[in-house]
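Enquirer:
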Amino acid sequence: MTSQDQMAPKRPYLKLEEMILNMGPQHPATHGVLRLVLHLNGEMIVKVDPVLGYLHRGLEKLAENRTYYQFLAMLSRLDYLANIFMEWPLVRCIEGLMEIEVPRRAEYLRIIVAELNRITSHQMALGDFMLNLGAGTPMFWVFRDRERIVDLLELLTGQRMMYNYMRVGGVRYDIPEGFEAECRSFLAGFPAKIDEYEKLITDNEIFLARTLGVGIIERDEAIDYGLTGPNLRASGVSWDLRKDDAYSAYNDFDFGIPIGKHGDCFDRYKCRVEEMRQSLRIIEQALDNLPEGPVNVKLPPMLRPPAGEKYRAVEGPRGEWGNFLVSNGGLRPYRLKMRDPNFVAISTLPRILPGYKIADMIAIGGSMDFMLGGADR
Amino acid sequence: MTPLQHYLFLAVALFSIGAWGVLARRNIILVIMCIELMLNGINIALIAFSNYSLDGAGRGQVFVFFIFAVAAAEVAIGLAITIALYRLRERMSVDELHEMKG
Amino acid sequence: MGEFNQLAFWIIAFTVISCAIGVVTFKNLIHSAISMVCCFTGVAGVYVLLRAELAAAAQVLIYVGAISILILFAIMLTRHRSGDLKIFFHRQSWAAIPLMLLVGIVFTGVLASAHYMNSSSEAMNPDTRGIADILFNDYAFPFEVLSLVLLVAIVGAVLLASKEKQL
Amino acid sequence: MALAITMAVIFASGVVFPYSMRRLWGFVGDRHGPNRVGPLGLLQPFADFIKLVTKEDITPTKANRWVFLLAPVIGFATPILIQAVIPYSETYTIANLNVGLLYIAAVSAFGVLGILLAGWSANNKYTLVGGLRAGAQMISYEIPLLLTLIIVAMLADSMSLNDVVVQQADVWYIVIQPMAFIIFLVAGVAELNRTPFDLPEAESELVGGYMTEYGGIRFALFAGLMEWGNVTVWGLTTATLFLGGWRGPFLSGPIWLLLKAVIMGLIIIWFFATFPRLQVDQLMAFAWKILIPISILNLGVTGLFIVLWPDNYLLPTAIFSWGATLVFIGVFTFVVKKILLGKRLGMHKSMDYEPWMLRKPAEPIPTRRQVGP
Chain Y
92 MTSQDQMAPK RPYLKLEEMI LNMGPQHPAT HGVLRLVLHL NGEMIVKVDP VLGYLHRGLE
152 KLAENRTYYQ FLAMLSRLDY LANIFMEWPL VRCIEGLMEI EVPRRAEYLR IIVAELNRIT
212 SHQMALGDFM LNLGAGTPMF WVFRDRERIV DLLELLTGQR MMYNYMRVGG VRYDIPEGFE
272 AECRSFLAGF PAKIDEYEKL ITDNEIFLAR TLGVGIIERD EAIDYGLTGP NLRASGVSWD
332 LRKDDAYSAY NDFDFGIPIG KHGDCFDRYK CRVEEMRQSL RIIEQALDNL PEGPVNVKLP
392 PMLRPPAGEK YRAVEGPRGE WGNFLVSNGG LRPYRLKMRD PNFVAISTLP RILPGYKIAD
452 MIAIGGSMDF MLGGADR
Chain C
1172 MTPLQHYLFL AVALFSIGAW GVLARRNIIL VIMCIELMLN GINIALIAFS NYSLDGAGRG
1232 QVFVFFIFAV AAAEVAIGLA ITIALYRLRE RMSVDELHEM KG
Chain F
34 MGEFNQLAFW IIAFTVISCA IGVVTFKNLI HSAISMVCCF TGVAGVYVLL RAELAAAAQV
94 LIYVGAISIL ILFAIMLTRH RSGDLKIFFH RQSWAAIPLM LLVGIVFTGV LASAHYMNSS
154 SEAMNPDTRG IADILFNDYA FPFEVLSLVL LVAIVGAVLL ASKEKQL
Chain Z
149 MALAITMAVI FASGVVFPYS MRRLWGFVGD RHGPNRVGPL GLLQPFADFI KLVTKEDITP
209 TKANRWVFLL APVIGFATPI LIQAVIPYSE TYTIANLNVG LLYIAAVSAF GVLGILLAGW
269 SANNKYTLVG GLRAGAQMIS YEIPLLLTLI IVAMLADSMS LNDVVVQQAD VWYIVIQPMA
329 FIIFLVAGVA ELNRTPFDLP EAESELVGGY MTEYGGIRFA LFAGLMEWGN VTVWGLTTAT
389 LFLGGWRGPF LSGPIWLLLK AVIMGLIIIW FFATFPRLQV DQLMAFAWKI LIPISILNLG
449 VTGLFIVLWP DNYLLPTAIF SWGATLVFIG VFTFVVKKIL LGKRLGMHKS MDYEPWMLRK
509 PAEPIPTRRQ VGP
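Chains as they are written, first to last, in my numbering: chain Y, 92 to 468; chain C, 1172 to 1273; chain F, 34 to 200; chain Z, 149 to 521.
Here it is, written out as structure tokens:
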């Protein structure tokens, strides 16, 4: 035994014991089936390896074997909290290739549905974030109010989750009777609910201590990584496709884009809360100025977009969701590539997490609000 | 009433078992634990004497409290040294301690 | 009452000694530590039999509450990854048993041959207030010195175990 | 008899608290909570209990079997042991120790032991981290708890819990020492591993902390009986030390005592429904940098007053303690948040409506800052 001991190398420095912790794929705080291989020193994170693919369904490949109409129905399975935004870019790609003019009323309806969906998504982000930080009550408040929005969406689209509302050249249904009154009563009541969330969360010292200055993503770094959506805007970059691309009818509306300064968890949280308020303003204006007219255009029973390629993106609640469609003029897409903000957000984790503790990692993951349904496709 | 000797025999037994452990085991933490056993044996003897002494002032108990404090200090320092040694050598054997330079 | 006392003593003594042997002989450190906790608790029981409730409470508080936890912490922090100690005893450990027996027999012999005044069954240990009187009047200076010792121990332990320091 | 009473109280707490927690949390979260099993869902805890008991008892293969089985028992023993010294009425205490306060402090150490061993024995990294966290946290918060116990002992001039209650005939100690009560409350919540100090079982970080690998009846023992039994015992202790114990008009002593204990438990549930969770370093910093200095100051000043005015120290102590409490609360609500937020709060207030419509279309799209030549 002594000879063994002498063979052991003498270390000039104290040894740091490294522990490898497999967090996920089944873990309450990984937002789905994400697996994070954490190299820990004590509770300090030294290295992170995100492992994806536990929810991979091969949707990009499936698209090549289905007609456009068939595939549109599968899209809302991607990011199951922001379903409308999954359908929108492909519809826009096809419309762009076929040069279809979408009726004004349809664009407004699309925006109403999208903004309602954005609010539900941000609500879920908020509830999940707080659940990650150990507070369960915001989750229930969020679900209480989300129920009303989901009811509204059900009135409009007939579905509560997989809306399948977008059509090439418009939307599926016109607004039903009573929707406007319901929606207006919701709009009147919801700002108070947001204030309620903020009263519970934003002023809490523990919440501040957990989020201020935690998980900082610098402005340049955020741009380099290709972050989009609230995660990017929290870092102080004013980039929002609704303004910068001004697709659909977003130019008609007066709304603000909340911009953070420090890019920490608190800014990301705050940006989302403010975006909910702005979405309410958009919906209100859209209801006020809803144009008359058809909500759809007449299209052939089989879509054959002309050969060519198109990239169209929309500003989803988690960032830029874009589709790159290559058509060879056939019934099916030749190639469909999806650009997903969640994947980008996860790819920043190995860069930001080292140096933080496990508890910080949970807070950062919650504030980034990635959704594995989108990242794995 | 249990006679004083019985308590003292118990104390001696505890003390010698502790001594056995100190001499026989290799692991530093276990050696520290055995030292605690020895101290406990001494404490039993002190309290027994204190209870059976005729002056009734309980001076023995005061010594016990002193021993408590010293034992706590000893464990704190001992374990700190152990952990430092473990970080340095990855071993926890008494044989490691034959040289005193870090 | 005397009978009960006697019985309780034998039960506790048996527990204490078997647990103490367990501490020395168990191969798993955690098992040793649990055994040690049982032993300490038993010793606290002995104190109760000797009517030293304060010492018993302090025994549980300090040994079970602090020292055992510290030792468990140390064991858990120093998991043996490489080169686990497969050999638990020294090669010379056989010599320890006769040595222990020698110590035990000598002490026991001395104690057995001594002459005691076995006092009556009334409690001679003072109550809490009496101990406080002694501790803070007669032994005030050692008490202060002791606090200094503890302070030094705390600072030393923190220094030794802190990560930043190079040894 | 004595054992029957303690067991009855512990089991009752395992029924009352889970139910009231769900109902109260449901109330806070604007929903119903359990309301299906029995009238008002009152039988829900029993249904849960039956479900847990009939589940398979699983021991992980690589667990250290005996320690794994022993740990919940050690943990469960703690609340039962502590209950022995609580005076239920003027005449009835299961064991009237003259060092009751010290006994409480001593026995509560066994709880840490059970949790540490549970964390270690399951041979799982989450449980190990949870167990170590629990150990560090409970030892740290034991210190302010003990210092507060000493204050009570000084005020009552006795360490027997019976005397403490007897001394509170005229005025409860919460009136004389609100500071000590607050420290006891905060440190107690930390001792019980409850929100906002529930890091050892932080379900979003460590899955279930030290009880991750437990299931079935052992989980019921840990999560139901031990945790809520500890809450009850802590409530009983708080009621005895600060709220006059069994004293109260109209009703009999034990009912008052249990009522006060349940109210303390409901306060813990209220915390649970409101707060997020702290982080390990913040938790430790809170204990060592805030709670312990404050309790030492409180202890020192109380002792000084008792020495200065041996006959009527209650009034100055009360004045000091109320002042300190107000300062403490004021510092926490204003200064701490100021420090935390710094100038950022102002920034965020103005952030709300960035005038995007005013941005000129020609303004360049943000790009990366040029690096290098």
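Note that the Cβ used here is the ideal one computed from N, Cα and C, for glycine as well.
Keep in mind it's a predicted model, so treat the numbers as computed, not measured.
What distance in whole Å lies between the Cβ atoms of N244(Z) and N310(Z), which are believed to be in contact at a cut-off of 8 angstroms?
Expert: 6 angstroms
Enquirer: Starting from M149(Z), find everything on chain F with Cβ-Cβ shorter than 7 angstroms and list it in chain order.
Expert: Those within 7 angstroms of M149(Z) in chain F number zero; the least Cβ separation is about 18 angstroms.
Enquirer: According to DSSP, simplified to helix, strand and coil, what is D141(Y)?
Expert: Note on residue identity: the sequence assigns Pro, not Asp, to residue 141(Y). Residue state, collapsed to three classes: strand.
Enquirer: Using a Cβ cut-off of 8 angstroms (strictly closer), state whether A266(Z) contacts chain Y.
Expert: no
Enquirer: According to the Cβ coordinates, are I330(Z) and T481(Z) closer than 8 angstroms?
Expert: no
Enquirer: L1179(C): beta carbon under 7 angstroms from a heavy atom of the ligand HEM?
Expert: Because no ligand of any kind appears in the structure shown, any question about the ligand HEM cannot be addressed here.
Enquirer: Give me, in chain order, the residues of the same chain whose beta-carbon lies closer than 8 angstroms to that of E109(Y); leave out the 5 immediate sequence neighbours on both sides.
Expert: H130, L131, N132, V137
Enquirer: Select from the stretch 125-152 of chain F all residues with a C-beta closer than 8 angstroms to any C-beta belonging to chain C, and list them in chain order.
Expert: S126, A128, A129, I130, L132, M133, L134, V136, G137, F140, T141, L144, A145, Y149, M150, N151, S152
Enquirer: By DSSP, does N1245(C) sit in helix, in strand, or in coil?
Expert: Residue identity differs from the one stated: residue 1245(C) is Glu in this sequence, not Asn. It is helical.
Enquirer: Cβ of I1238(C) less than 8 angstroms from any chain F Cβ?
Expert: no
Enquirer: Evaluate S400(Z) with the Cβ neighbour count: other Cβ atoms within 10 Å of its Cβ, from every protein chain shown; 16 or more gives buried, anything less gives exposed.
Expert: exposed
Enquirer: Thinking C-alpha only, which one of R258(Y), P282(Y), Y425(Y), T248(Y) is nearest R157(Y)?
Expert: Of R258(Y), P282(Y), Y425(Y), T248(Y), the residue nearest in Cα terms is Y425(Y).
Enquirer: Can you find at least 3 beta carbon pairs, one from the stretch 198-216 of chain Y and one from the stretch 403-412 of chain Y, that sit closer than 8 angstroms?
Expert: yes
Enquirer: Give me the Cα-Cα distance between N271(Z) and I365(Z), rounded to the nearest whole angstrom.
Expert: 20 angstroms
Enquirer: Does the stretch 343-363 of chain Z come into contact with the stretch 279-286 of chain Z, if we say contact requires no fewer than three beta-carbon pairs (one atom in each stretch) closer than 8 angstroms?
Expert: Yes, the stretch 343-363 of chain Z is in contact with the stretch 279-286 of chain Z.
Enquirer: Name, going along the chain, the residues of the stretch 419-433 of chain Z whose beta-carbon falls closer than 9 angstroms to a beta-carbon of chain Y.
Expert: F420, A421, T422, F423, P424, R425, L426, Q427, V428, D429, Q430
Enquirer: Give me, in chain order, the residues of the same chain whose beta-carbon lies closer than 7 angstroms to that of I440(Z); leave out the 5 immediate sequence neighbours on both sides.
Expert: I291, P292
Enquirer: Could you pull the DSSP bridge partners for F415(Y) from this structure?
Expert: Y402(Y), K428(Y)
Enquirer: State the DSSP-derived secondary structure class of K284(Y), mapped to helix, strand or coil.
Expert: helix
Enquirer: Label P166(Z) either buried or exposed according to how many other C-beta atoms from any shown protein chain fall within 10 Å of its C-beta, with 16 as the threshold for buried.
Expert: Buried, by the Cβ-count rule.
Enquirer: Quick one: what does DSSP say M135(Y) is sitting in, helix, strand or coil?
Expert: strand
Enquirer: Report the option in H353(Y), A279(Y), D242(Y) whose CA atom is closest to the CA atom of R368(Y).
Expert: A279(Y)
Enquirer: Can you tell me which of F357(Y), C184(Y), N113(Y), A226(Y) puts its alpha carbon nearest to the alpha carbon of K273(Z)?
Expert: Nearest Cα to K273(Z) within the set F357(Y), C184(Y), N113(Y), A226(Y): N113(Y).
Enquirer: Please determine, among D429(Z), G259(Z), A335(Z), V157(Z), the residue with the shortest C-alpha to C-alpha distance to G223(Z).
Expert: G259(Z)
Enquirer: Determine whether the Cβ of I1206(C) lies closer than 8 angstroms to any Cβ atom of chain F.
Expert: no
Enquirer: What number of angstroms, rounded off, separates the C-alpha of A219(Z) from the C-alpha of L265(Z)?
Expert: Roughly 6 angstroms separates the two Cα atoms.
Enquirer: On the DSSP letters alone, give me the boundaries of the alpha helix (DSSP H) that N223(Y) sits inside.
Expert: 195-223
Enquirer: Check I365(Z) in the structure and name its three-state DSSP category.
Expert: helix
Enquirer: I'd like to check one pair, F1237(C) with L183(F): are the Cβ atoms closer than 8 angstroms?
Expert: In this structure, the beta-carbon distance from L183(F) to F1237(C) does not fall below 8 angstroms.
Enquirer: Within 8 angstroms (strictly less), CB to CB, does I1218(C) reach chain F?
Expert: yes
Enquirer: How is T123(Z) classed by DSSP in three states: helix, strand or coil?
Expert: The structure shown does not extend to residue 123(Z), since chain Z spans only 149 to 521, so no value can be given for it.
Enquirer: DSSP beta-bridge partners for R258(Y)?
Expert: Note: R258(Y) sits in a beta bridge opposite G261(Y).
Enquirer: Going along chain F, which residues have a C-beta under 8 angstroms from L261(Z)?
Expert: V70, V97, S101, I102, L105
Enquirer: Please classify N1198(C): is it buried, with 16 or more other beta-carbons within 10 angstroms of its beta-carbon, or exposed?
Expert: buried
Enquirer: Apply the 10 Å Cβ neighbour rule to V386(Y) and answer buried if 16 or more other Cβ atoms are within range, or exposed otherwise.
Expert: buried
Enquirer: Between the Cα of P348(Z) and the Cα atoms of T422(Z), I287(Z), V176(Z), which residue gives the shortest distance?
Expert: I287(Z)
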